[in-house]
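One structure is given below, encoded as structure tokens.
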Amino acid sequence: MGCSDASSYEDQEVGPNGEPPKALQRIYQKQFIAEERNYVLAFGLIHAFLVEHHFAITYTRCFDDVLDVRKRGKGFTCLALRAEQGPPTKTYVRVRVDEVLFNQLDGDNRLSLSVEIYVLDGYVRNGKGAQLVDGFTAGVETGLAQLYAAP
3 MGCSDASSYE DQEVGPNGEP PKALQRIYQK QFIAEERNYV LAFGLIHAFL VEHHFAITYT
63 RCFDDVLDVR KRGKGFTCLA LRAEQGPPTK TYVRVRVDEV LFNQLDGDNR LSLSVEIYVL
123 DGYVRNGKGA QLVDGFTAGV ETGLAQLYAA P
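Residues 3 to 153 in our numbering are what the sequence shown spells out, letter by letter.
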């Protein structure tokens, strides 16, 4: 495959609501739980990894809305962070808040979030995708796993 044509460039663009580019494939997806007090710390771990790997990072309104109890409804789910390498986008990471359970009567205040990593097919073949996932697993996943202790 040589230079990108117009259609492949469009296929590498992130969708308006944070949808992954059509030309990329998901190579990583995992859900994590963090205690309420560790919400910002969880995103800090992810943010540091993305900065280190030269991603352009965007936080959405969702990031703030999680902390505003008036904006959380039943089944609260939203895209809080998106990051990409490009243009055109070659690697895309998104973090979704799946559930917010703050102000629980039993004190088990927590939220669940999902991290997804997408890369171009060429990055799967040449091993760059695997290197990124390995770095995330070793450096971030371990830290995220320690942010929740069930009561």
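In this text, a Cβ means the ideal position worked out from N, Cα and C, and glycines have one as well.
From a predicted model like this one, the values you see are computed outputs, not experimental measurements.
Taking the C-beta atoms as reference points, L115 is found no nearer than 8 Å to A50.
Between V121 and Q27, the CB-CB gap stays under 8 Å.
If the five residues before and after K92 are omitted, its C-beta is found closer than 6 Å to the C-beta atoms of L122, all from its own chain and listed in chain order. Shown here, L115 sits in a strand according to DSSP, grouped into three states. Only exposed fits E54, as fewer than 16 other CB atoms lie within 10 angstroms of its CB.
Secondary structure at E15: coil, using DSSP grouped into helix, strand and coil.
Contact check for Q14 against G88 passes: the beta carbons are separated by less than 8 Å. Between I29 and V142, the CB-CB gap reaches or exceeds 8 Å. Counting along the chain, no beta strand (DSSP E) covers Q133; the unbroken alpha helix (DSSP H) around it starts and ends at K130 to F138.
Classified as exposed, R39 has fewer than 16 neighbouring CB atoms from the shown chains inside 10 Å of its CB. Between the beta-carbon of L149 and that of L83 there is about 16 Å, and that puts the pair past the 8 Å contact cut.
Apart from the 5 residues on each side of it in sequence, T62 sits with its Cβ closer than 8 Å to the Cβ of G20, C80, L81, A82, L83 and R84 in its chain, given in chain order. Residue environment: P22 is assigned as buried (16 or more neighbouring CB atoms within 10 Å of its CB, all protein chains considered). If you look at F34, you'll find it in the beta strand (DSSP E) that goes L26 to E37.
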